[in-house]
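The C-terminal residue of the sequence shown carries number 354 in the numbering used here, and the numbering is unbroken. Note that the Cβ used here is the ideal one computed from N, Cα and C, for glycine as well.
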Amino acid sequence: MKTKFKRSKQKKVVSIGSVKIGGNYPVAVQSMTRTKTRDTRRTIAQIKRLAAAGCEIARCAVVNADDAGALRQIKKAVGIPVVADVHFDYRLALAALDAGVDKVRINPGNIGETWKLEEVIKKARDLGVAIRIGINAGSLPVKVLARHRHPTPRAMIDTLNASLEIFARNKFDRIVISAKAASVLDTVHVYQIIDKRCIFPLHIGITEAGLPFEGGIRSGVGLGILLDQGIGDTLRVSLTANPIYEVAAAYEILMSLDLRQIRPLIISCPTCGRCDVDLVKIAEAVSRSLADCRARIKVAVMGCVVNGPGEAREADFGIACGKGIGSVFRKGKEIKRVQERNLIRSLLEVIHENTHY
């Protein structure tokens, strides 16, 4: 499958450890740990699981000095960039930078006086580390909320502009910007404005999106709109769930737009009264069997004669099922017909033989 990279306006390239975002680099996938960061054993284990699932940047909550101090050990133990997520106390950001993190996320809505932010900027500049200006509709500065009364897109833009002025005065440009809201439409509107005005790479997401089903749909709608317009250089799908689901959802969104692919794209028909096999069971088994496959292939699992043979022929590999029997396809050609009980095994054998998986 071909991968396309498109941007409405090419952004400045910023390095987050070994990962570069902006420019013409692919949209990077990140997630956030759910562990107490000071629990280094559990945090390291979770980041390693995220990395194995395809996560490229991991963010950790820094609530106190113990969390900040733990980042040094965490950073040494994992193979992907680590970001410190800091609210309220600028000293925690300074400690995280001393611990060697690859980026610090600062929320201008709660970090406090300008001089505190400037202290963080100075240390990050000295160390060559990026800062994300992370604006959330739910935590805007008190003065901004007093002026706008509600966390409107205009209020978020005003907050960003005030922050960018501080960074500009301090001659700091290793900046990543995010401006998230729980509202899909507000988020899309804000990012469209920022994209036109700023050269800095954008981290996109729908904050507080919800449980996996609802949150996945909301994120897919919002991020899909933005990505299709070329907006977004890194993303997180924020779900109330195991963070592994965030990574899986992020790649599904990117794969659906032909922007990234690190594992097979599996398509399957929704089934109807024409289907004579248990296609749900077959499709789930194929998906489980290919969970660790990193081949960039399209696999079709089809259940009847209407679209099945055609879709299976258009995929790299596929099966088209009939009553108790099915055909296995590769690159548009039928290879064999087998009984239903042997169908999954036969498909996987063909994939293994032709992808070195």
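Measuring alpha carbon to alpha carbon, tell me which of the options ends up nearest residue i.
i	options	result
residue 230	13, 346 and 24	24
residue 31	325, 97, 347 and 60	60
residue 315	321, 340 and 173	340
residue 266	201, 303 and 88	303
residue 134	94, 204 and 97	204
residue 75	112, 85, 56 and 156	56
residue 116	167, 272 and 178	167
residue 348	143, 98 and 327	327
residue 158	194, 169 and 126	194
residue 330	346, 321, 311 and 337	311
residue 141	18, 247, 156 and 104	156
residue 224	321, 254 and 146	254
residue 258	241, 227, 292 and 281	292
residue 19	110, 281 and 227	227
residue 65	280, 91 and 136	91
residue 172	99, 218, 221 and 207	99
residue 95	37, 109 and 69	69
residue 261	248, 280, 294 and 209	294
residue 221	290, 209, 207 and 246	246
residue 200	132, 38 and 126	132
residue 162	111, 353, 210 and 209	111
residue 289	273, 353 and 235	353
What first and last residue would you give for the alpha helix (DSSP H) that runs through residue i?
i	result
residue 46	37 to 50
residue 124	111 to 124
residue 193	181 to 194
residue 273	Counting along the chain, residue 273 falls outside any alpha helix (DSSP H), and DSSP gives it neither H nor E.
residue 244	240 to 253
residue 139	139 to 145
residue 72	62 to 74
residue 158	150 to 166
residue 309	305 to 311
residue 223	209 to 225
Give me whichever residues DSSP pairs with residue i in a beta bridge.
i	result
residue 331	326
residue 263	296
residue 199	174
residue 230	Its beta-bridge partners do not exist; DSSP assigns none.
residue 57	81
residue 103	83 and 130
residue 16	13
residue 336	322
Applying the 10 Å Cβ sphere with the 16-neighbour rule, what's the burial state of residue i?
i	result
residue 164	buried
residue 7	exposed
residue 15	exposed
residue 308	buried
residue 180	buried
residue 3	Because the pLDDT of residue 3 is 49, which lies under 50, any placement of that residue in the model is unreliable, and the question is left without a value.
residue 106	buried
residue 237	exposed
residue 123	exposed
residue 81	buried
residue 130	buried
residue 21	exposed
residue 355	Residue 355 lies beyond the residue range present for the chain, which begins at -2 and ends at 354; the question has no answer from this structure.
residue 355	Because the chain in this structure spans residues -2 to 354, residue 355 falls outside the shown range and cannot be described.
residue 10	exposed
residue 109	exposed
residue 213	buried
residue 120	buried
Excluding sequence positions up to five away, which residues of its chain have a Cβ less than 7 Å from the Cβ of residue i?
i	result
residue 344	283, 314, 316 and 325
residue 244	26, 28, 47, 50, 51 and 52
residue 63	35
residue 145	151 and 152
residue 136	104, 106 and 107
residue 332	325, 326 and 347
What residue range is occupied by the uninterrupted beta strand (DSSP E) comprising residue i?
i	result
residue 314	314 to 318
residue 129	127 to 133
residue 28	25 to 29
residue 12	11 to 13
Can you list, in chain order, the residues of its chain whose CB lies under 6 Å from that of residue i, leaving out five sequence neighbours each side?
i	result
residue 187	150, 153 and 176
residue 263	284 and 296
residue 178	134 and 184
residue 85	107
residue 299	266, 305, 308, 309 and 317
residue 268	276 and 300
residue 169	118 and 122
residue 12	none
residue 113	87
residue -1	Bear in mind that a pLDDT of 42 at residue -1, under 50, signals an unreliable position, so the number given afterwards is only what the model happens to contain. Correct list: empty, nothing qualifies.
residue 72	79 and 97
Tell me whether residue i counts as near the ligand ATP, meaning its Cβ is closer than 7 Å to at least one heavy atom of that ligand.
i	result
residue 345	Absence of the ligand ATP from the depicted structure is noted, as is the absence of any ligand whatsoever, leaving it without description.
Can you give me the Cβ contacts of residue i inside the same chain, cut-off strictly under 8 Å, excluding the 5 residues immediately before and after it?
i	result
residue 351	314 and 327
residue 334	322, 323, 324 and 325
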